[in-house]
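Under numbering that gives the first Met the number 0, the residue at position 118 of the sequence shown is numbered 117, and the numbers go up by one with no gaps.
Just so it is clear, CB atoms sit at the ideal spot from N, CA and C, and this is done for glycine as well.
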Amino acid sequence: MTRVVVDPIEVQQDGLQLGDPIGCHYHWLEPDAVDSYGDSVRRLAAKVELAADGFERTATLSEEVFAGEAADALRARAGRRHEESALVRDNLRGLGRAINAYSDVLRRHREGLEQLRGFAASQALEVRDDRIWPPVETIAGDAPQKEVDAWERAWKAYRECFEAKIELRDARRAGTRELIRALADFADVHPDQDGAGLVAAHAYQVSFGELRRDAAEEALEAVEAHDSVDAAQRTVDGLKRREQGALGDLEEMVLEERPPEEIEAQATKVATIHRELTEARVEARDAEAAADREQAQAIRAARHLRDVEDRLG
């Protein structure tokens, strides 16, 4: 047998692929700390609400209570302050809810990593240095059937861990994107705000900064889609190598007139790898089609942004 030699990479990076060690260590902010901060933002919103109520009462003072030019000016100013403070209150409430929601995302991510580690340990996979290590890549052709079965079970368990880690990573990234959107929406903070212009879009007015963000998001999605294509192709290439190796071993066993049960076991192994390869090829084609769609959308967004920039000078 030979052991896979793998560089000690950090598998939270985008380069995670089948056969790499799978990180199962939680190293983000503690969910309780994030939750506490969200609660403090919502408490601040409650204090702002008191101010908003005070401005509203002042703005609605009747002329019987307070009349004259000074009273009118006070009511008008209080009315403006009420609108401003109500907007701040609503923004703070929304931001607090978004932060609390993100703490739940992190909590689920931490629990998922703990469950992932526990599952790997229960399947007798090697868990070391906060990573789940893959089984050996190859096994001797003359290995006993019991050992071959254990090796195949280990690889099946490792693949389940790999897919679970991908799902956990994607869910956390989606939660992070939602928090970023909430920060922009509720706090009204945008990277292009200083230089933002307005362009016509049917019956609406669209911020020039929004067009830039849309184009950037489309470009990022296109890059991520092409990364998925690369990962899928690497999986296909790896399975092709395994299939060729298994076929070579089968041919040698036939030529050497090995016992029928050994030849049958090897043939079953070849068939299993071939099925995985067929499925991987389908997934690769689907990923490539999705990447083509994302690329087309990114090109359209970039072309639209360029046209708007040309019109605005």
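Task: Counterpart residues of residue 126 in DSSP-defined beta bridges - done: Against the sequence shown, residue 126 aligns to sequence position 127. In the DSSP output, where bridge partners are listed per residue, residue 126 has 131.
Open item on the list: Short of 6 Å in beta carbon distance, which residues of its chain neighbour residue 228, apart from the five on each side in sequence? Order them along the chain.
Closed with: Position 229 of the sequence shown, counted from the start, is the residue given in the question as residue 228. These residues qualify, in order along the chain: 286, 287, 290.
TODO: Alpha carbon to alpha carbon, how far is residue 121 from residue 270? Give it in angstroms, no decimals.
DONE: Residue 270 sits at position 271 when you count from the first residue of the sequence shown. Residue 121 sits at position 122 when you count from the first residue of the sequence shown. Near 28 Å, if we compare the C-alpha coordinates of residue 121 and residue 270.
Open item on the list: Below 8 Å on the Cβ atoms is my contact criterion, and I expect residue 238 with residue 275 to pass it. Report the Cβ-Cβ distance as a whole number of Å.
Closed with: As a working mapping, residue 238 is identified with position 239 in the sequence shown. As a working mapping, residue 275 is identified with position 276 in the sequence shown. The C-beta separation of residue 238 from residue 275 comes to about 6 Å, placing the pair in contact by the 8 Å criterion.
Task: Cβ contact check for the stretch 41-51 and the stretch 88-104: 3 or more pairs under 8 Å - done: The stretch 41-51 and the stretch 88-104 touch, with no fewer than 3 CB-CB distances between them shorter than 8 Å.
Task: Option in 280, 129, 247, 50 with minimal Cα separation from residue 77 - done: Counted from its first residue, the sequence shown places residue 77 at position 78. For residue 77, the closest alpha carbon among the candidates 280, 129, 247, 50 is that of 50.
Task: Coarse secondary structure for residue 78, derived from DSSP in three states - done: Taking the sequence shown and counting its residues from 1, the one referred to as residue 78 is at position 79. The answer is helix: DSSP assigns residue 78 an H, G or I state.
Task: Inter-residue Cα distance where the pair is residue 94 and residue 181 - done: Here residue 94 refers to the residue found at position 95 when the sequence shown is read from its first residue. Here residue 181 refers to the residue found at position 182 when the sequence shown is read from its first residue. So the alpha carbons of these two residues sit roughly 6 Å apart.
TODO: Give me the Cα-Cα distance between residue 30 and residue 36, rounded to the nearest whole angstrom.
DONE: Indexing the sequence shown from 1 puts residue 30 at position 31. Indexing the sequence shown from 1 puts residue 36 at position 37. Between the alpha carbons of residue 30 and residue 36 lies a distance of about 10 Å.
Open item on the list: At a cut-off of 6 Å, would you count residue 78 as near the ligand SAM, judging by its Cβ distance to the nearest heavy atom?
Closed with: Questions concerning the ligand SAM fall outside what the structure shown contains, since it holds no ligand whatsoever.
Open item on the list: For residue 135 and residue 86, what's the separation of their Cα atoms in angstroms?
Closed with: Against the sequence shown, residue 135 aligns to sequence position 136. Against the sequence shown, residue 86 aligns to sequence position 87. Between the alpha carbons of residue 135 and residue 86 lies a distance of about 60 Å.
Task: Proximity winner among 142, 89, 128, 34, relative to residue 106 (alpha-carbon distances) - done: Position 107 of the sequence shown, counted from the start, is the residue given in the question as residue 106. Here the closest residue by C-alpha is 34.
- [ ] Please look up how many angstroms separate the CB atoms of residue 272 and residue 241, rounded, as I've assumed it's under 8 Å.
- [x] Here residue 272 is taken as the residue at index 273 of the sequence shown, counted from 1. Here residue 241 is taken as the residue at index 242 of the sequence shown, counted from 1. Their Cβ separation, rounded to whole angstroms, is 5 Å, which keeps residue 272 and residue 241 in contact under 8 Å.
- [ ] Could you tell me the boundaries of the alpha helix (DSSP H) in which residue 59 lies?
- [x] Counting from one through the sequence shown, the residue named residue 59 turns up at place 60. The continuous stretches of alpha helix (DSSP H) do not include residue 59, and DSSP gives it neither H nor E.
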